[in-house]
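K.L.:
If you scroll down you'll find the structure; I have some questions about it.
Residue numbers (our numbering): 4 to 132.
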């Protein structure tokens, strides 16, 4: 089951995995907390049609599981269930990608998240000066 298909409908009485309350139950269990960004996340696979729709080459994205409202992710208005596909102009397909990108960034620079939320691609900024 993939977590990123906004167009498919589950059989009656079943959840398709796009519901943020159950997405973490279906996602692979590799998860981590990033204290710099203030979020807990998991790596999740992407469907081929989703990769094509959003112009992605990576087979996976990062699912936001929990966000500290006072953190950079919270300031950017990241939400539980968002699929992170980019960070500050760099593609993201894993938590490790996010950590590598953060290590190369200016400590005072703005952080932007490229996400998929409920079938829509959005860019969210932390607003950090």
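Note that the Cβ used here is the ideal one computed from N, Cα and C, for glycine as well.
These figures come from a predicted structure and were not determined experimentally.
#1: Along the chain, which unbroken stretches of the alpha helix (DSSP H) at least 4 residues long are found entirely within the segment 45-74?
#2: Looking only at DSSP bridge pairs, what is residue 124 linked to?
#3: Do residue 90 and residue 114 have their C-beta atoms closer together than 9 Å?
#4: So which of 68, 42, 93 has the shortest CA-CA distance to residue 60?
#5: Distance, Cα to Cα, residue 128 vs residue 76?
#6: Helix, strand or coil for residue 77, going by three-state DSSP, please let me know.
#7: Thinking residue 62 and residue 96 are a contact (beta carbons under 8 Å), I'd like their distance in whole angstroms, please.
#8: Identify, in the order they occur along the chain, each residue of the same chain with its Cβ nearer than 7 Å to the Cβ of residue 125, setting aside the five sequence neighbours on each side.
#9: Under the rule that 16 or more other beta-carbon atoms within 10 Å means buried, what is residue 58, buried or exposed?
#10: Report the three-state DSSP secondary structure of residue 87 (helix, strand or coil).
P.N.:
Reading from the atomic positions:
#1: 51-57
#2: 119
#3: yes
#4: 93
#5: 9 Å
#6: helix
#7: 7 Å
#8: 118
#9: exposed
#10: strand
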